[in-house]
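Its first residue numbered 119, the sequence shown is counted upward by one per residue in the working numbering.
The beta-carbon is built from N, C-alpha and C at its ideal position, and this holds for glycine as well.
For reference, the structure discussed in these notes is given below.
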Amino acid sequence: MSAKLRQPRSRHLLAPALAALLLAGSPLAASANADHAGHGTMHAPAAGALAEGVVKKLDKAAGRVTIAHGPLPNGMPAMTMPFAVKDASWFGQLREGQKIRFSLEDVKGVLTVQHFEAVK
Ligand SMILES: [Cu+2]
């Protein structure tokens, strides 16, 4: 009996997730989440899924490219943040202000650009 009474409680777990999904569409929700504190705990994005972004800064010495990105396949909201790149030679191909589509992979806890293509 008590087990049956408890069953519906599991549905309540869906409510916060649903609310988050609904909020994700609003710009306010995106900016509210735009701090980078949680990056280390983000789960890995779906392989091959492309996100859009604009290259803001190239730091070849640090091996980082800062991208103003739209919402990511891993659920990260739009924000500007640095990424590692898979191939250092890409620093010679990317330029600041360039619009790109790119895919990411979590490489030992560092979100790394695995692929990019210019958007015209
Ligand atoms: Cu981000």
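- [ ] Measuring alpha carbon to alpha carbon, tell me which of Val183, Asn192, Ala167 ends up nearest Lys204.
- [x] Val183
Task: Option in Asp177, Glu214, Val173, Pro200 with minimal Cα separation from Val228 - done: Pro200
Open item on the list: For Phe234, list the residues DSSP reports as bridge partners.
Closed with: Phe220
Task: DSSP state of Ala179 mapped onto helix, strand, coil - done: coil
Open item on the list: Please determine whether the Cβ atom of His187 lies at a distance below 7 Å from any heavy atom of ligand 1.
Closed with: yes
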